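Residues in the sequence shown are numbered consecutively from 13, following our numbering.
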Amino acid sequence: MSRKAGHSRARPSAPGGPEDRGPLKACGGVVLLDFSDETAYRPLSDVTEVDDAVRILLELPGVPADSVQVWVRGDRIEVTGEKPTGFPPGETSFLCLERIFGKFRRVFEVVGSVNLGEVTAIRKDGIMAITIPKIPERRGRERRIPVIEG
């Protein structure tokens with residue numbers, strides 16, 4: 013399989029890895045791990061790749077920035093939080109409820125030449141944009157190695 017220089021790629025999972033936790037989906041240099049369960053919903057996401065970064069966009073309408081946590085843990089980016097109902101607890105009886113509220117969680121495994129030490133997250137207009145800078149490709153560059161007298 014050929015690989016375009018500078019692009020990240022998904023790493024196959026080891027036994028006991030993410031495939032045991034649910035469906036996984038490769039998107040460029042990011043593997044989306046599905047950690048959904050009965051207590052958390054999964055916000056919709058897109059993963060894009062540009063020349064200098066990989067971006068994860070999550071739909072989080074109605075979720076204040078202080079209700080979202082973004083963590084880098086090893087080679088994974090974890091987004092957790094809670095979307096409030098907007099109604100006083102115990103005072104509202106729903107006749108029809110289509111919107112999703114409550115806790116959410118998404119975990120993205122990042123594989124490739126990226127700098128997980130420089131990840132940024134910006135929430136604007138209901139979209140959380142997580143930017144993971146790429147490490148510049150160094151293969152194929154010419155550089156002279158000094159020879160030291162030993």
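Even glycine gets a Cβ: it sits at the ideal position worked out from N, Cα and C.
Note that this is a predicted model, so its numbers are computed, not measured.
At a Cβ-Cβ threshold of 7 Å, F116 and I89 do not count as neighbours. Given a length threshold of 3 residues, each whole run of the beta strand (DSSP E) inside the region 54–122 is given here in chain order: 57–62, 65–71, 80–85, 88–95 and 114–122. The region 128–136 and the region 78–94 touch, with no fewer than 3 CB-CB distances between them shorter than 8 Å. Closest in alpha carbon position to I68, among I157, M140, V75 and P158, is M140. DSSP places K136 inside the beta strand (DSSP E), whose first and last residues are T132 to K136.
The count of Cβ pairs closer than 8 Å, one atom from the region 71–80 and one from the region 90–98, reaches three, so the stretches are in contact. Going by DSSP, A52 is part of no beta strand (DSSP E) at all; its letter is neither H nor E.
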